[in-house]
Amino acid sequence: MNIQAMAQEIPPEGEHSLEGIDFIISGDQYLTFLLADEQYAVDILCVEEIRSWEKPTIIPNAPLCIKGVINMRGVIVPIVDLRIKFHVGEAVYLDTTVVIVLTYQSEDKSRTIGFVVDAVSDVLNVEEQEIKPAPAFGGSVAQQFIEGLINNDTNIVTLLNVAQLQQIERHAS
């Protein structure tokens with residue numbers, strides 16, 4: 001083994017070989033996921049991590065959509081089941097069920113919440129002009145949670161507003 005020859009192959013600082021890497025594109029990227037056979041998406045820059053489903057610690061008197069909390073490297077993270085929050089499908093926990101942990105940074109604070117979804121699908125590369133406004137008529141998902149719609153081949157993907165998802169409603173007494 002010739003260490004000097006190997007050292008010659010290391011690129012100087014600032015020069016990096018990106019050969020074969022095709023994920024760097026223009027536009028924004030969104031993580032898509034399934035809820036009751038419908039596709040939704042969130043800004044990938046807000047995704048902290050994707051975790052397999054694990055039963056959280058229950059919080060007494062929490063709203064029904066809040067399944068409890070988990071300890072994620074010392075941070076207590078509330079877990080919200082989006083199927084219950086949006087009234088879509090039945091809350092069944094299978095092998096494909098995952099928790100997407102989202103962190104949203106506002107001007108004065110950061111909030112991290114995990115969202116239970118049926119399965120993660122894909123990452124979409126979308127230009128801003130490709131995001132269409134959501135129609136104003138009612139659906140199972142409240143208008144405040146929808147940022148727009150993305151036409152992806154034969155599917156329509158509902159783009160969710162991460163800032164609005166981070167708002168936790170007070171429990172009705």
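According to the UniProt record's numbering, the sequence shown is numbered sequentially starting from 1.
Backbone N, C-alpha and C define an ideal beta-carbon position, used for all residues, glycine too.
Throw me the rounded Cβ distance for the T97 and E48 pair, which I believe falls under 8 Å.
About 18 Å separates the two Cβ atoms, so there is no contact after all.
Inset, instruction - Just the C-alpha distance for Q129 and N61, rounded to the nearest angstrom, thanks. - result: 43 Å
inquiry  = My output table needs one value for K55: the three-state DSSP class, helix, strand or coil.
reply    = coil
Close Cβ partners of I44 (< 7 Å) along its chain, the five nearest in sequence each way excluded | Q29, Y30, L31, V123
Going by the CB atoms, is the gap between S121 and L64 shorter than 7 Å? no
Among the residues of its own chain, which have a CB less than 8 Å from the CB of A163, if the five just before and after it don't count? Y104, S106
- Leaving aside the five residues before and after F145 along the sequence, list all residues of the same chain whose C-beta is less than 7 Å from its C-beta, in chain order. L160, N161, Q164, L165
Can you name, in chain order, every residue of its own chain whose Cβ lies under 8 Å from the Cβ of K85, other than the five neighbours on each side?
C65
| Just the Cα atoms here: how many angstroms apart are A136 and V157? | 16 Å
- Task: Count the other CB atoms, across all protein chains shown, that sit within 10 Å of the CB of D118; report buried if there are 16 or more and exposed otherwise.
- Result: buried
Check: Which of the three DSSP states, helix, strand or coil, is assigned to R83?
Finding: helix
- Query: Short check: CB of P56 to CB of I76, under 7 Å?
  - Reply: no
* Taking Cβ to Cβ, would you say I100 is nearer than 7 Å to I131? -> no
Query raised in the report: What separation, rounded to the nearest whole angstrom, lies between the Cα atoms of G74 and R51?
Result: 16 Å
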